[in-house]
Amino acid sequence: MEHVHLLDHPLLQHKLSILRDENTSVKDFREIVSEVATLMCYEATRDLPLKEVEVQTPVAKAVTHQISGKKLAIVPILRAGLGMVDGILTLIPGAKVGHIGLFRDPETLEPVKYYCKMPTDIAQRDVIVLDPMLATGGSASAAITFLKEYGVTHIKLMNILAAPEGVARVRADHPDVEIYIAAMDEKLNDHGYIVPGLGDAGDRIFGTK
């Protein structure tokens with residue numbers, strides 16, 4: 035599917051199998067979500083532009099490459115998206131972090147915004163939106179809409195698991211956004227949960243259930 039990147043690296047798939055296991059502890063779940071985010075970030079930033087620089091090695095001068103000053107930001111969707119932040123900052127420590135707080139109305143399954151705080155220069159940055167689960171797609175689509183209202187023009191979405199319904203929703207609402215996922219699951223159940231999924235990512239990250 036255009037603009038949808040399924041990352042099937044063996045390390046990702048191995049770690050994902052542990053996340054799916056209902057017997058995985060909160061500590062292990064939280065650590066592995068962060069590790070998965072790091073591995074996914076490696077792929078999602080593959081298109082960063084480079085510039086040539088000259089450095090002096092212990093042996094001779096060398097012409098090498100560095101990232102050409104691209105300004106980046108990551109925006110986790112609260113609360114589960116917080117579990118992916120440190121994994122991204124491991125690779126991009128200079129990235130700024132915005133936050134969008136959304137909860138899903140249990141009746142309509144539509145997102146409701148309760149918090150939004152962005153870096154002052156967010157419009158000048160490339161943004162990666164983080165949420166472990168892309169279920170109905172409502173929260174992700176709403177978060178992307180909010181970022182566009184801030185003037186952001188280059189947005190990527192990173193999810194560990196996705197349902198076809200969620201991908202279709204984001205693709206329909208935001209065809210310009212690249213989506214990075216580690217697995218495409220079967221469907222949503224009647225409660226809007228991904229099947230087979232891994233349960234409620236926020237509860238499993240923070241030990242709240």
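Counting with my numbering, you get residues 35 to 243 for the letters of the sequence shown.
Yeah, the Cβ is synthetic: ideal placement off N, Cα and C, and Gly gets one too.
Note that the coordinates shown come from a computational prediction; the quantities given were computed from them, not determined experimentally.
Asked                                                                                                                                                   : Found
Among Val70, Val109, Pro230, Thr91, which one has its Cα closest to the Cα of Asp160?                                                                   : Val109
Alpha carbon to alpha carbon, how far is Arg64 from Val70?                                                                                              : 10 Å
Please report how far the alpha carbon of Leu40 lies from the alpha carbon of Ala217, in whole angstroms.                                               : 6 Å
Just to check my reading of the structure: Ile111 and Asp42 have Cβ atoms closer than 8 Å, yes? What is that Cβ distance to the nearest angstrom?       : Not quite, the Cβ-Cβ distance comes to about 24 Å (not below 8 Å), so this is no contact.
Roughly how many angstroms lie between the CA atoms of Gly132 and Asp155, to the nearest whole one?                                                     : 11 Å
To the nearest angstrom, how far is it from the Cα of Val173 to the Cα of Glu86?                                                                        : In the sequence under discussion, the amino acid at residue 173 is Ser, which differs from the Val named in the question. Approximately 40 Å between the Cα atoms of the pair.
What residues in its chain sit with their C-beta under 7 Å from that of Lys223, if we drop five residues either side in the sequence?                   : In the sequence as displayed, the identity of residue 223 is Asn instead of Lys. Val229.
Using the rule of at least 16 other Cβ atoms within 10 Å of the residue's Cβ for burial, across every protein chain shown, is Val201 buried or exposed? : buried
If you draw a straight line from the alpha carbon of Glu36 to that of Thr72, how long is it in whole angstroms?                                         : 23 Å
Just checking my contact of Ala78 with Ala235 at CB under 8 Å: how many whole Å lie between their CB atoms?                                             : 18 Å between Cβ atoms; not a contact.
I need the DSSP call for Leu41, collapsed to helix, strand or coil.                                                                                     : coil
Judging by CA-CA distance, which residue of Val211, Thr170, Val119, Val204 is the nearest neighbour of Cys75?                                           : Val119
When DSSP labels each residue in this structure, what does Arg138 get in the three-state scheme?                                                        : strand
In or out: His208 buried (at least 16 other Cβ within 10 Å) or exposed?                                                                                 : buried
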